[in-house]
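Reading through the C-alpha cells given below for one structure.
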C-alpha cells in the first residue's frame, strides 16, 4: 500500500495536470412535475415496538392532463422491502394514506414512494424509528484493540512533525490568517495536509479540528469559527496539497482514489484508514505546537466520514475536550450480516458482500469500527443526524451512539437526509463556543480564589 501510494504521488507530481472540459448535462429540477411529501402519523417519527406506523402521502402535480402510477415499498432501511404496492391517480393534487405495519425489534422502518411519468421517475422517502435507543451493535471488539492503537500512537510520537506553513493570501480575512499546513505522518514521505487559521490579534486562543467527509475534494477552511477568535484546522486525509487547481481533484475523483475506502482492508496494518487515523492524531500535536493555542480548549468536529474520525480521534487522544459528530460513518460494519443496515462504506451490502465477506476482512474491520472507539469516549459530545439518511444508516450510528457513556447531546432532524443542514452548523458552533466561554469563566474564578 505504501509503495503504491508513493508511486501514485510521484506520477502525479511529475506529470502535467490536465483539465478535462466535459459537457455537463443540466440536471432537471427535482420533482419538476411532482412534489412528493411523506410524513408519518407520529410527529416525532419515533414509535414503540409493535405500534403501527401510518405514512401520509401528499402529491402536488403540475401536469393535470394525464394519469400516473404511484409505487411504494416499505421495509427496514437498506433491506429488501417487506411490503409493496401501487395505485393510480388522476388528480392534480392527491392525498393518500399508506399503512406501514410495524417492527418487532429496535430499528428503522422506511417508506419509499416512486412516481413514473413518461420516461421520468420521481422518488421520496420517509423513515421512522422504533425505540432507537435500544439498538445493539453487532460488531465485536478485538481483545488487543487498545494495544493496537496505542502502538500506532507511540509510533507517531517518534516521528517529528516537520510542520510547513504556506500563507494563502486570498483566504485571509480581517480576523485571521489562513495557511496550508502539511506535516509528517507515519511513514517517510507520507505528508498530511490541511488548512489552518490563526487569529491576527495577540493572545491565546481555543482551537477546533474539523475532519472531512468522504471523497477527494480539498477542504476550504473554517471561516465562521475563525471569526470568533478560534484557531481552526480543516484536515485533508489524502497525501496531496489542498491548494492545487480544481481540475486536479476532479481528475483524482475519477482515478483509483475513488475506492480508497476499501484499500488494504484485508490486513489491519495495511488498511488505508490506519494512515488516516494516525494523521488525525498528529493533527492534535500540530495544534499544541502553536504558540497561539491556549493549551487547553480543543474541540473536534466532523460529519459522515468526518463524524467517524471525530469520534475516533477523540477516543484515542484525551487532549480533545469536546466533540461533534454528525451522521457518523464507519459504524457497525457487520450489521448487514445480521439482517439489518450496516455502516458506510457498506462492506457487506448486496453490491459488496461477495468481495469482502471473508475471514481477513472480518478480522480487520473491528479495529476501525466506530462502535469500538465510542466505548472509549469520556468527554461531552454533540450528535446530530436525520432518519432519512441512506448513506450512513441511522441503525448503524445508533449502534455507536448507544454505547457512549459520556455526557451527550442529541439533535435530530427527523426527515433529514445525508446532508449538513444550516441549523446543525449553527447549533454545533454555538455549543462549542459556549463550552470555550464557560471553561474560561470557570478557570478565571478558580484563579481568583
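Residue numbers (my numbering): -9 to 439.
The C-beta atom is built at its ideal place from N, Cα and C for all residues, glycine as well.
It should be emphasised that the depicted structure is a prediction, and the values quoted were computed from it without experimental measurement.
Beta-carbon proximity check, residue i vs residue j, cutoff 8 Å
i           : j           : result
residue 213 : residue 183 : no
residue 72  : residue 60  : no
residue 270 : residue 299 : yes
residue 117 : residue 346 : no
residue 301 : residue 364 : yes
residue 296 : residue 201 : yes
residue 315 : residue 373 : yes
residue 406 : residue 375 : yes
residue 243 : residue 165 : no
residue 26  : residue 58  : no
residue 43  : residue 75  : no
residue 319 : residue 303 : no
residue 385 : residue 41  : no
residue 312 : residue 199 : no
residue 52  : residue 23  : yes
residue 131 : residue 392 : no
residue 366 : residue 273 : no
residue 167 : residue 142 : no
residue 279 : residue 151 : yes
residue 176 : residue 158 : no
residue 401 : residue 355 : no
residue 110 : residue 28  : no
residue 287 : residue 429 : yes
Span of the beta strand (DSSP E), counted from its first residue to its last, around residue i
i           : result
residue 89  : 83 to 91
residue 25  : 24 to 30
residue 319 : No beta strand (DSSP E) holds residue 319; DSSP gives it neither H nor E.
N- and C-terminal bounds of the alpha helix (DSSP H) containing residue i
i           : result
residue 278 : 262 to 279
residue 291 : First-last for residue 291: 283 to 293, but that is the beta strand (DSSP E), not the alpha helix (DSSP H).
residue 257 : Neither: residue 257 is in no alpha helix (DSSP H) and is coded neither H nor E.
residue 342 : Element bounds for residue 342: n/a, residue is neither H nor E.
residue 241 : 236 to 243
residue 213 : 213 to 216
Closest Cα partner of residue i within the set the options
i           : options               : result
residue 195 : 261, 281, 100 and 259 : 281
residue 211 : 102, 205 and 222      : 222
residue 218 : 371, 226, 197 and 208 : 197
residue 332 : 80, 44, 387 and 135   : 387
residue 129 : 321, 402 and 263      : 321
residue 185 : 203, 205, 175 and 156 : 156
residue 283 : 426, 412 and 357      : 426
residue 102 : 47, 227, 33 and 273   : 47
residue 250 : 268, 227 and 111      : 227
residue 98  : 39, 140, 199 and 154  : 39
residue 35  : 121, 170 and 268      : 121
residue 209 : 234, 150 and 190      : 234
residue 339 : 348, 225, 327 and 391 : 327
residue 360 : 334, 390 and 247      : 390
residue 193 : 274, 285 and 23       : 285
residue 265 : 323, 279, 191 and 174 : 174
residue 380 : 408, 152, 246 and 396 : 408
residue 153 : 31, 163, 23 and 170   : 170
residue 50  : 79, 220, 70 and 32    : 79
residue 69  : 422, 293 and 336      : 336
residue 204 : 158, 252, 162 and 191 : 252
residue 162 : 179, 138, 113 and 190 : 190
residue 382 : 334, 400 and 355      : 334
residue 358 : 239, 109, 396 and 256 : 256
residue 126 : 237, 81, 96 and 30    : 96
residue 403 : 348, 413, 108 and 395 : 413
residue 349 : 368, 140 and 258      : 258
Per DSSP, the bridge partner or partners of residue i
i           : result
residue 170 : 156 and 185
residue 314 : 291 and 372
residue 224 : 185 and 200
residue 141 : Answer is none; residue 141 lacks a bridge partner.
residue 63  : 74 and 102
residue 97  : 120
residue 115 : 102
residue 47  : 28 and 86
residue 37  : 120
residue 110 : 107
residue 58  : 79
residue 195 : 283
* **Entirely enclosed alpha helix (DSSP H) segments - the region 350 to 409, minimum 4 residues** => 360 to 364 and 384 to 391
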